[in-house]
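Working notes for the structure below.
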Amino acid sequence: MTLSPKIIPYFLSFLRLRLIALRSSLLSLRWYFITLRSWLFFLRSWLLSLQSWLLDLLYPKSCISCQKDGEILCASCFRKIQKMNVQECPVCRRRSRGGLVCHPFCKKFTSLDALIVSSLYQKNGILSKALHLFKYRFSEELGPILSSLLIDAFRANFSFSSTQFHWIIVPIPLHSHRLRWRGFNQSAILAKHVSSSLLLPFFPLLKRIRDGPSHALLSRKERMIAFDSVFEIDQSVLHNADASTLSMPSAPQCKHYSVLSKYVILVDDVATTLSTLNAASHALKSAGVEKVCGLVLGRGSFHSKKP
Ligand SMILES: [Zn+2]
Ligand SMILES: [Zn+2]
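Take a look at the structure:
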């Protein structure tokens, strides 16, 4: 049996219509899947809040440091968190205004332009206990308390002249597996508080493509190699750069931001080594970002050398 040539155009339009119908079914299926996924995320965070509410009910709140009832971190213990009065070059740890990497030799070892550290991080110190609770028990109310340390440190030390309003806030991302397991990214929560307080756009520009290895098992050189290509630019965020992804008060004007030619404030909880911040900063700069300033809650002590 052969097809009459007259039938061919009808057959082709029928085929085209079937393909369009199939495409729209696939799109609806994708939309349902995305909706389901966001509902699951919502349900998970709701359950976490419920869990934290029930724990508060069963075990009344007491300060993580002095055990005084009523608050998770009382004002007196909060004041005891030792602030970094002097910022340091993140590489050689000598004094440096605004944490700038100002020594030519140090610039060879980091892709950061500066690192602002809020507080001294000590094992079993108040900050370490608070961070542990924040990360592993999702103590929501610690978010604004801890981010206030970041905001104060930023205001006191940010030293890039006149360009503050060109900066965007980017959190260090978790790997998607870890995000699913934990249900939230502590750096993103801190970064959102910083963003709304400083009125700078929050932009989760980075994606973690593999989990970093355990620091303790690796030498410095091995760490530097292992952290290479841990992060990449999240193209989906870049392409959907609209008011919903840019949670910023003046979001509409940000639609035309050329994000990758901007300056980035990279937010993380603790900079134990510089490996994570370096890898993230390297990924941003490879994509065209001009300047990257790290902003972290804590870093371990290193007796500051005089310049
Ligand atoms: Zn206390
Ligand atoms: Zn230095």
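Each step along the sequence shown adds one to the number in our numbering, with nothing skipped, and position 252 is 273.
Backbone N, C-alpha and C define an ideal beta-carbon position, used for all residues, glycine too.
Given the structure is predicted, the values throughout are model-derived calculations rather than measurements.
Rounded Cβ spacing between residue i and residue j (contact assumed at less than 8 Å)
| i | j | result |
| --- | --- | --- |
| Val313 | Ser132 | 7 Å |
| Leu211 | Leu167 | 6 Å |
| Lys82 | Ile93 | 5 Å |
| Ala304 | Ile254 | 7 Å |
| Ile189 | Pro222 | 5 Å |
Check: residue i C-beta below 8 Å from any heavy atom of ligand 1
| i | result |
| --- | --- |
| Leu200 | no |
| Ser86 | yes |
| Leu167 | no |
| Leu195 | no |
| Leu163 | no |
| Cys98 | yes |
| Leu170 | no |
| Cys95 | yes |
| Lys89 | yes |
Residues near residue i by beta carbon distance below 6 Å, same chain, minus five either side
| i | result |
| --- | --- |
| Arg118 | Ser180 |
| His196 | Arg229 and Asp232 |
| Ser268 | Low per-residue confidence applies at Ser268: pLDDT is 41, beneath 50, and the placement is therefore not dependable, though the value from the model is reported in the following sentence. Once the five neighbours on either side are set aside, the close Cβ partners of Ser268 are Phe223. |
| Asp289 | Ile193, Ser208 and Val317 |
| Ser217 | none |
Residue i versus residue j: straight-line alpha-carbon distance, rounded
| i | j | result |
| --- | --- | --- |
| Pro273 | Phe155 | Because Pro273 carries a pLDDT of 39, less than 50, the predicted location of this residue cannot be relied on, and the following value inherits that uncertainty. The alpha-carbon atoms of Pro273 and Phe155 are separated by roughly 32 Å. |
| Lys144 | Asn299 | 23 Å |
| Asp19 | Ser257 | No information on residue 19 is available, as it lies outside the stretch 22 to 328 that the chain covers here. |
| Ala301 | Glu161 | 26 Å |
| Ser139 | Phe62 | 31 Å |
| Tyr31 | Ile41 | 15 Å |
| Ile147 | Cys87 | 10 Å |
| Glu109 | Val317 | 13 Å |
| Cys84 | Ile137 | 27 Å |
| Leu321 | Phe54 | It is Gly, not Leu, that sits at residue 321 in the sequence shown. Approximately 43 Å between the Cα atoms of the pair. |
| Gln207 | Ala135 | 22 Å |
| Thr294 | Ser182 | 27 Å |
| Lys27 | Arg44 | 27 Å |
| Phe252 | Leu227 | 6 Å |
| Trp202 | Leu47 | 28 Å |
| Pro165 | Arg116 | 29 Å |
| Arg58 | Val215 | 27 Å |
| Ala308 | Ala177 | 29 Å |
Residue i: CB within 8 Å of a non-hydrogen atom of ligand 3
| i | result |
| --- | --- |
| Phe126 | With respect to small molecules bound, the structure shown includes ligand 1 and ligand 2 and not ligand 3. |
Cβ neighbours of residue i in the same chain (closer than 7 Å, five flanking residues each side left out)
| i | result |
| --- | --- |
| Leu36 | none |
| Leu219 | Ile172 and Phe175 |
| His187 | Lys283 and Tyr284 |
| Tyr142 | Leu148, Ser149, Val291, Gly319, Arg320 and Gly321 |
| Lys128 | Val122 |
Sequence-distant residues of the same chain with beta carbon closer than 8 Å to residue i, five excluded per side
| i | result |
| --- | --- |
| Arg65 | Gly204 |
| Ser73 | Arg158, Phe159, Ser160 and Glu161 |
Counterpart residues of residue i in DSSP-defined beta bridges
| i | result |
| --- | --- |
| Ile286 | Ile190 and Cys314 |
| Glu253 | Lys228 |
| His196 | Arg229 |
| Asp134 | According to DSSP, Asp134 bridges with nothing at all. |
| Val330 | For residue 330 there is no data in the structure shown, the boundaries of the chain being 22 and 328. |
| Ser59 | Bridge partners of Ser59: none, in fact. |
| Glu109 | Arg116 |
| Phe181 | BP columns for Phe181 are empty, so no partner. |
Residue i Cβ short of 8 Å to ligand 2 heavy atom set
| i | result |
| --- | --- |
| Ser117 | yes |
| Cys110 | yes |
| Val291 | no |
| Val285 | no |
| Val107 | no |
| Val122 | yes |
| Gln113 | Residue 113 is actually Cys in this sequence, not Gln. The answer is yes for Cys113. |
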